[in-house]
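*Asks:* Under our numbering, think of the first position of the sequence shown as 78, with each following residue one higher.
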Amino acid sequence: MKQSAIPYMQMRGGSSKGLYFLSEDLPADPAQRNEVLLDAMGRGERQIDGLGGADPLTSKVAIVSRSSRPDADIDFLFVQVVVGQDKVDTTPNCGNILAGVGPFAIEAGLVPADEETTRLTVHLVNSGRLSELELSTPGGNTEYEGEVQIDGVPGSAAPVLCSYKDLAGSICGELLPTGRVLDIIDDVEMTCVDNGMPVVVLRANDFGISGYESPLELNANEDLKARLESIRLQIGPGMNLDDVKNKTIPKMCLVSPAVNGGLVNTRTFIPHKCHAAVGVLGAVSAATACILPGSVVEDLVERPGGKVKTISVEHPIGEISVTLQVDEAGEFPVIEKVGLLRTARLLSKGVVYVPAKEGN
78 MKQSAIPYMQ MRGGSSKGLY FLSEDLPADP AQRNEVLLDA MGRGERQIDG LGGADPLTSK
138 VAIVSRSSRP DADIDFLFVQ VVVGQDKVDT TPNCGNILAG VGPFAIEAGL VPADEETTRL
198 TVHLVNSGRL SELELSTPGG NTEYEGEVQI DGVPGSAAPV LCSYKDLAGS ICGELLPTGR
258 VLDIIDDVEM TCVDNGMPVV VLRANDFGIS GYESPLELNA NEDLKARLES IRLQIGPGMN
318 LDDVKNKTIP KMCLVSPAVN GGLVNTRTFI PHKCHAAVGV LGAVSAATAC ILPGSVVEDL
378 VERPGGKVKT ISVEHPIGEI SVTLQVDEAG EFPVIEKVGL LRTARLLSKG VVYVPAKEGN
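(1) Looking at C-beta atoms only, is the number of pairs between the segment 90-101 and the segment 194-201 that lie closer than 8 Å three or more?
(2) For the ligand SAH, is there a heavy atom less than 6 Å away from the beta-carbon of Q87?
(3) Closer than 8 Å by C-beta to I397: which residues in its own chain qualify, once you throw out the five before and the five after it? Chain order, please.
(4) Helix, strand or coil, according to DSSP, for A82 in the structure here?
(5) One question on the structure: do G90 and I174 come within less than 7 Å of each other, judged by their Cβ atoms?
(6) How about L295 and C351: are their beta carbons less than 7 Å apart?
(7) DSSP three-state call for Q402: helix, strand or coil?
(8) Looking at N170: is its Cβ nearer than 7 Å to the Cβ of S142?
(9) With DSSP as the reference, identify every bridge partner of M329, one or two as the case may be.
(10) Can you tell me the Cα-Cα spacing of S136 and V336, whole angstroms?
(11) Does F409 come out as helix, strand or coil in the three-state DSSP assignment?
(12) From what residue to what residue does the alpha helix (DSSP H) around R143 run?
(13) Give the secondary structure of T198 by DSSP, where H, G and I count as helix, E and B as strand, and everything else as coil.
(14) Within its chain, find whatever has a CB closer than 7 Å to the CB of R422; leave out the 5 residues flanking it on each side and keep chain order.
(15) Is it buried or exposed for D260, if we count other Cβ within 10 angstroms and need 16 for buried?
(16) Looking only at its chain, what residues have a beta carbon closer than 6 Å to the beta carbon of C440, apart from the 5 residues adjacent to it on each side?
(17) What are the start and end residues of the beta strand (DSSP E) that includes K426?
(18) Classify G382 as buried or exposed, calling it buried when 16 or more other Cβ atoms lie within 10 Å of its own Cβ.
(19) Measuring CA to CA, which of A245, G217, I286, K328 is closest to P189?
(20) Give the C-beta separation of A139 and F155 to the nearest angstrom, bearing in mind that I take them to be a contact with Cβ-Cβ under 8 Å.
(21) From the DSSP output, in three-state form, read off P334 for me.
(22) Between which two residues does the beta strand (DSSP E) holding R206 run?
(23) Can the beta-carbon of S425 be found less than 7 Å from the beta-carbon of V258?
(24) Using 10 angstroms around the beta-carbon of K434, count the other beta-carbons present and answer buried if the total reaches 16, otherwise exposed.
(25) What's the gap between the Cα of G338 and the Cα of G119?
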C-alpha cells in the first residue's frame, strides 16, 4: 500500500485530546480532507488502524492556520470524528480542543511567543465567532508545567485562560433557538440554549432517574437513550438545526440538584453516549440555563447574584467553573462575556501515514 505522510501534533486540550494539523498540510477540498481525517483517526468503532482512541473525546481534530481576518491571529476549524460511523461533523465548536490551539500555533511557528504571557485571538471558523486565549510563555517558550488542576485530567499543568465575548447563538443564531425559554415534547419540559453549543436541558427526574448515575449505567439504559433521541430529532428543526439525525448536535443535558458544592449537576449525552465529564461549551450553555428566568433549571438552583457570576457545573468526575458576565438591566439577561480556565499539553509530533489517494 502506498502511503502519504502528513505532519501533525497530538495535544491534550482540556479534558479531550486530538490531532492538530496545519490547514496547508491537508487537501483543500473538504470532501477529500474529511477522508484523510477519517484515515488518520481510524475507521470503525475501534479505530484500530488510526490514531483515534475509540471514544468521542479522543476523536477530535483541529485544523489551524494564520487568520484570514484582520481582527484575529489564528483560524481554527474544529472537526468531530463520529466514532463507528466513518463520518465527521464540522457544525459544533469545541472549547477543550480550543485550549490546545494557542500552544499548537506557537509550536508550529504561526505566532511568536511573548516573553511572559502570550495573548492571541482565535477565529472559530465553525461559528464565525472569536475567542481570546492567554498562555504562560516565560522566556518566549510555551509553558506546559503548572499548578492548575482540572477535573478529568490527572496531575496539574499551566493555565490557559479562554474568553468569549459573543457566544450567544453561535450555531443556531439565537441564545434561545426556539424563541422560548420552555418547550414541551413527549410531555417532557426542556430549555434549549445555544451559548456556544446547542444544548437541550432536561430534568433527570422527568425520565425516572436521579441524575447521579454513572455514564456506564446511563449508556446501558436503552429506554432512556431512545427517549432522548426521539426528543432530539423532534426539537432539532425547531432549533434551526434542520434534520439532526446525522449531526452530533444538539447535546442532551440531564440536570439535577448539585451534591458537591456546585450550582447544578449534569449528565450530558454527546449526543448518543453519556460524556465521561462535560464539554466546555456544553457546560457554558448548561450554566446559562441556570440564570434564565422560567427555565427547567430554575427550581433546582439558587440563582447567583451580581454582574459576574461564577457557576460550578458538576459532572460525573468533578466540576467545571464557568464565569458569566451578565447585563441584567433589561427584562431578560444578556450574556456579555464568558470565561473558562483550561490546560493543555503537547503529547507528540511527527507524521501520520494515511493511504495515498488522489489529492493527498
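Ideal Cβ positions, reconstructed from N, Cα and C, are used throughout, including at glycine.
*Replies:* The short version:
(1) No, because fewer than three Cβ pairs between the segment 90-101 and the segment 194-201 fall closer than 8 Å, the two stretches do not touch.
(2) Looking for the ligand SAH in the displayed structure turns up nothing, as the structure carries no ligands at all.
(3) By one-based count along the sequence shown, residue 397 stands at place 320. Spatial neighbours of I397 in its own chain (CB-CB distance under 8 Å, excluding positions within 5 residues in sequence) are listed in chain order as I227, D228, A354, V355, V357, A360, S389, V390, L417.
(4) Against the sequence shown, residue 82 aligns to sequence position 5. A82 carries a strand assignment under DSSP once its states are collapsed to helix, strand and coil.
(5) On the sequence shown, position 13 is the one that residue 90 refers to. On the sequence shown, position 97 is the one that residue 174 refers to. Annotated as proximal: G90 and I174, with beta-carbon spacing under 7 Å.
(6) Counted from its first residue, the sequence shown places residue 295 at position 218. Counted from its first residue, the sequence shown places residue 351 at position 274. Closer than 7 Å, so yes.
(7) In the sequence shown, residue 402 corresponds to position 325, counting from 1. Three-state DSSP puts Q402 in a strand.
(8) In the sequence shown, residue 170 corresponds to position 93, counting from 1. In the sequence shown, residue 142 corresponds to position 65, counting from 1. Contact: no.
(9) Your numbering for residue 329 matches position 252 in the sequence shown. According to DSSP, which records beta bridges pairwise, M329 is partnered with V277, F346.
(10) Counting from 1 along the sequence shown, the entry for residue 136 is found at position 59. Counting from 1 along the sequence shown, the entry for residue 336 is found at position 259. Approximately 31 Å, taken between the alpha carbons.
(11) In the sequence shown, residue 409 corresponds to position 332, counting from 1. In the three-state reduction of the DSSP assignment, F409 falls in the coil class, being assigned neither a helical nor a strand state.
(12) Here residue 143 corresponds to residue number 66 of the sequence shown, with the count starting at 1. It is not in any alpha helix (DSSP H) - R143 instead sits in the beta strand (DSSP E) that spans 137-143.
(13) Indexing the sequence shown from 1 puts residue 198 at position 121. Three-state DSSP puts T198 in a strand.
(14) Looking up residue 422 in the sequence shown gives position 345. Excluding sequence positions up to five before and after R422, its CB lies within less than 7 Å of the CB of M88, R89, Y221, A234, all in the same chain and listed in chain order.
(15) Position 183 of the sequence shown, counting from 1, holds the residue named residue 260. Answer is buried; the Cβ neighbour count reaches 16.
(16) Outside the modelled stretch of the chain, which goes from 78 to 437, sits residue 440, for which no answer is possible.
(17) Within the sequence shown, residue 426 is the residue found at index 349, counting from 1. If you look at K426, you'll find it in the beta strand (DSSP E) that goes 421-432.
(18) For the purposes of this step, residue 382 is taken as residue 305 along the sequence shown, with counting starting at 1. Counting the other CB atoms within 10 Å of its CB gives G382 a total below 16, which places it among the exposed residues.
(19) Numbered from 1 along the sequence shown, position 112 holds the residue referred to as residue 189. Distance check between P189 and each of A245, G217, I286, K328 places G217 closest, using alpha-carbon atoms only.
(20) Mapped onto the sequence shown, residue 139 falls at position 62. Mapped onto the sequence shown, residue 155 falls at position 78. About 6 Å; that satisfies the 8 Å criterion.
(21) As a position in the sequence shown, residue 334 is number 257, starting the count at 1. Strand at P334.
(22) Walking along the sequence shown from the start, residue 206 turns up at place 129. Where R206 is concerned, the enclosing beta strand (DSSP E) stretches over 206-213.
(23) Taking the sequence shown and counting its residues from 1, the one referred to as residue 425 is at position 348. Taking the sequence shown and counting its residues from 1, the one referred to as residue 258 is at position 181. Cβ atoms of S425 and V258: not closer than 7 Å.
(24) Stepping through the sequence shown from its first residue, residue 434 is reached at position 357. Its Cβ having fewer than 16 others within 10 Å, K434 is exposed.
(25) The residue you call residue 338 lines up with position 261 of the sequence shown. The residue you call residue 119 lines up with position 42 of the sequence shown. Distance from the CA of G338 to the CA of G119, rounded to the nearest whole angstrom, comes to 40 Å.
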